[in-house]
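Peer 1:
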Amino acid sequence: MSQQSTNLFVYGTLLVPAIMQRVAGERLAATAGVLHGYVRKTVRGEVFPAIKPSPTEAVEGQLYWRLGANAIRRLDAFEGPLYQRVEVNIELGEGVHVAADTYVIALRHETWMTDIDWSLEEFRRSHRDEFERQRW
Numbered sequence: 003m004s005q006q007s008t009n010l011f012v013y014g015t016l017l018v019p020a021i022m023q024r025v026a027g028e029r030l031a032a033t034a035g036v037l038h039g040y041v042r043k044t045v046r047g048e049v050f051p052a053i054k055p056s057p058t059e060a061v062e063g064q065l066y067w068r069l070g071a072n073a074i075r076r077l078d079a080f081e082g083p084l085y086q087r088v089e090v091n092i093e094l095g096e097g098v099h100v101a102a103d104t105y106v107i108a109l110r111h112e113t114w115m116t117d118i119d120w121s122l123e124e125f126r127r128s129h130r131d132e133f134e135r136q137r138w
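Just so we're aligned: the sequence shown equals residues 3 to 138 in our numbering.
#1: Going straight from the alpha carbon of I74 to that of R87, what length do you get?
#2: For L30, which of helix, strand or coil comes out of DSSP?
#3: Give the C-beta separation of T1 and D103 to the nearest angstrom, bearing in mind that I take them to be a contact with Cβ-Cβ under 8 Å.
#4: Is A34 a contact residue of the ligand SAM, with contact defined as CB to any heavy atom under 7 Å?
#5: Alpha carbon to alpha carbon, how far is E89 from R126?
#6: Can you check DSSP and say which residues form a bridge with V12?
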């Protein structure tokens, strides 16, 4: 019997390999990808982002391949009720697309998103250590 696996597109704090490994409980292979039709902004009062549909925007991130059920359970718990996991289509380049899940802000929480772009570089420079201390 084969175990079901899930591809997962990430766009925020889980872009940091050490954070992703700690949350998922395993080391995973990743590929750069783009999610069209969404926008990434900072969540009010937080150091992490969320995404929501926006037809003319695109979000760059990483596609993690073939996560098992345990990793997905851990990630669902990490993301919590602020997000819902949905299936999306990720562009890998040169016309190649792949289905994956990603975490989109739950509709009831969309007002928590700001108009401020989220920056991985700013997160690494100013917030990563504090973020990890709060989580673990």
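Think of the CB as a built atom: it goes at the ideal place given N, C-alpha and C, for glycine as much as any other residue.
Peer 2: Concretely, from the data shown:
#1: Looking at the two C-alpha atoms, the distance is approximately 10 Å.
#2: In the structure shown, L30 adopts coil according to DSSP, grouped into three states.
#3: Absent from the model: residue 1. The displayed extent of the chain is 3 to 138, so no value can be given.
#4: Although the ligand SAM was asked about, the structure shown includes no ligands whatsoever.
#5: Distance between the alpha carbons of E89 and R126: 28 Å.
#6: Note: V12 is bridge-paired with Q64 in the DSSP secondary-structure output.
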